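Read through the structure below, which is laid out as structure tokens, and then see the notes.
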Amino acid sequence: MRENARWLSASYLLAVFSGFGQTFFISLSGGDIRAEFGLSHGELGLLYMLATLASALTLPYVGRSLDHFPVRRIAAVVMTGLALCCLAMAASFSVWSVALAFYGLRLCGQGMMTHTSLTAAGRWFSAQRGRALSIAVLGFPTAEALFPLCFVVLNNQFGWRGAWTVSACVLFLLAMPVLLTLLARDRVPSVAEVATARPEGRQWTRREALRDPRFWVVSCGVNAPAFIGTAIFFHQVYLVELRGWTLELFASAFLVMAAGVVVASLTVGPLIDRFSARQLLPFTLVPLSLGCFVLGLVHAPAAAFIFMALVGISNGFNSTMVGALWPEVYGTRHMGAIRSVAFAIMVFASAAGPGLVGWLIDLGVAFDLQIFGMGLYCVLFCAVLAAAARAYRPIEYS
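See below:
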């Protein structure tokens with residue numbers, strides 16, 4: 011960590027500041043946006059879904075730029091775009107301006123900031139890729155722990171538009187100078203590291219990876235957290251109203267989720283280096299399935315903290331494992347292009363969640379029933395991912 015502090019810190023901070031484009035942060039404005047523009051839960055969810063889908067369609071085209079340009083240049087452009095989108099949200103004056111702000115926040119924040127963080131960490135490190143990714147992933151719980159509570163405080167003092175203006179200032183005045191300084195020099199693996207690295211075998215192109223059925227099967231499983239987490243967090247105002255909780259209580263539960271991510275990511279990173287991401291793949295959805303069953307069946311305030319702890323464990327496990335899985339099975343040479351599609355699928359899953367759940371809420375489908383169904387989906391895909399993990403091994407090690 012001492013030798014690579016510059017690059018580990020850069021990957022970590024890119025993940026931290028992606029929080030301004032993540033659903034757990036954006037959704038805190040949901041109640042104010044619905045009230046100001048006269049939108050229902052389903053209409054706001056549909057608007058968010060369409061904006062996120064548009065960002066998912068854009069991501070494969072802009073995401074492959076990491077194969078052709080230095081990380082520093084990509085980070086500068088993406089952070090500038092994210093800051094401008096925060097200002098656009100603060101200045102939104104119509105439903106369509108909100109939709110455009112959603113699009114930019116999702117593309118630059120959830121999409122490109124996350125994509126840049128994990129792709130850079132996966133490419134910079136080989137022999138200890140799992141550990142490096144586990145450190146980068148810690149940026150997500152940091153944002154989840156700090157950003158929601160900060161937004162609530164800023165919203166109470168300056169209103170939701172003022173909170174978004176402060177967010178843009180943080181990106182311009184703090185994030186950009188620090189990150190551009192850290193990324194001034196690219197990382198070159200040492201001779202000793204190259205000598206001890208595992209052979210990566212065939213270097214797949216994006217076209218070859220997309221023709222591999224296993225890529226799509228695994229994507230349907232590992233993106234369940236994006237669908238479920240985004241759906242529940244986006245409708246968290248509705249959830250706390252149903253339960254009789256306060257928004258402050260649910261926001262404070264993000265601290266528990268952050269702790270779960272930290273513990274899981276630091277645990278799974280060394281396990282990936284010791285075993286492989288493929289061997290750990292079948293277990294990634296177990297905590298999330300348990301969390302959904304708890305939230306769907308238990309209405310006491312403690313359920314919020316138990317659910318968030320299990321979601322945090324699942325997110326830490328899943329983010330680190332998936333970050334190592336794609337380079338492990340498809341190589342690193344075309345990882346920017348391949349991972350951009352994988353991230354687009356993740357963004358698509360996160361887009362479908364709020365829209366579908368909001369539509370079902372408007373139809374009168376019980377939220378508890380929906381959450382329980384999400385848990386059953388996770389149980390099913392634990393078995394599917396176990397089969398997919400076995401299917402990878404003969405081809406990679408033949």
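Each residue of the sequence shown is one higher than the last, beginning at 11 in my numbering. Glycine included, every Cβ here is placed at the ideal spot set by N, Cα and C. This structure is a prediction, so every number in the text was calculated from the model and none was measured.
Decide if residue 103 is buried, meaning its Cβ has at least 16 other Cβ atoms within 10 Å, or exposed. Exposed, because fewer than 16 other Cβ atoms sit within 10 Å of the Cβ of residue 103.
Looking only at C-alpha atoms, which of 288, 314 and 293 sits nearest to residue 389? Scanning 288, 314 and 293 for the CA closest to the CA of residue 389 turns up 293.
Given that a residue counts as buried once 16 or more other Cβ atoms are within 10 Å of its Cβ, and exposed if not, what is residue 65? Label assigned to residue 65: buried.
With three or more C-beta pairs closer than 8 Å as the rule, is the region 316-328 touching the region 265-276? Yes, they touch.
Return the chain-ordered ranges of every alpha helix (DSSP H) run that is complete within the region 309-390 and spans a minimum of 4 residues. List check, alpha helix (DSSP H) in window: 312-340 and 345-373.
Counting only the same chain and skipping the five closest in sequence on each side, list residues whose C-beta sits under 6 Å from that of residue 297. Excluding residues within five positions, the ones whose Cβ falls inside 6 Å are 320, 323 and 324.
Can you tell which of 179, 220, 172 and 165 has the C-alpha that lies nearest to the C-alpha of residue 339? It is 220 whose Cα lies nearest to the Cα of residue 339.
Straight-line Cα distance separating residue 330 from residue 196: For residue 196 and residue 330, the gap between their C-alpha atoms comes out near 22 Å.
Work out the CA separation of residue 152 and residue 369 for me, nearest whole Å. Roughly 31 Å separates the two Cα atoms.
Considering only the alpha carbon of each residue, which of 31, 127 and 76 lies closest to residue 92? Distance check between residue 92 and each of 31, 127 and 76 places 31 closest, using alpha-carbon atoms only.
Since residue 129 contacts residue 349 with CB under 8 Å, what's their CB separation in whole angstroms? With a beta-carbon spacing of about 5 Å, residue 129 and residue 349 fall inside the 8 Å limit used to define contacts.
Give the single residue among 33, 335, 373 and 378 whose Cα lies nearest to the Cα of residue 399. For the residues 33, 335, 373 and 378, the minimum Cα distance to residue 399 belongs to 335.
Span separating the alpha-carbon of residue 191 from that of residue 243: Answer to the nearest angstrom: the Cα atoms are 34 Å apart.
Can you tell me the Cβ-Cβ gap for residue 189 and residue 307, rounded? I've got them flagged as a contact below 8 Å. The pair is not a contact, with the Cβ atoms about 43 Å apart (cut-off 8 Å).
Residue 141 burial status per 10 Å Cβ neighbour count (16 or more: buried): Residue environment analysis places residue 141 among the buried positions, since at least 16 neighbouring C-beta atoms fall within 10 angstroms of its C-beta.
Limits of the alpha helix (DSSP H) - the one that residue 44 falls within: Counting along the chain, the alpha helix (DSSP H) containing residue 44 begins and ends at 40-47.
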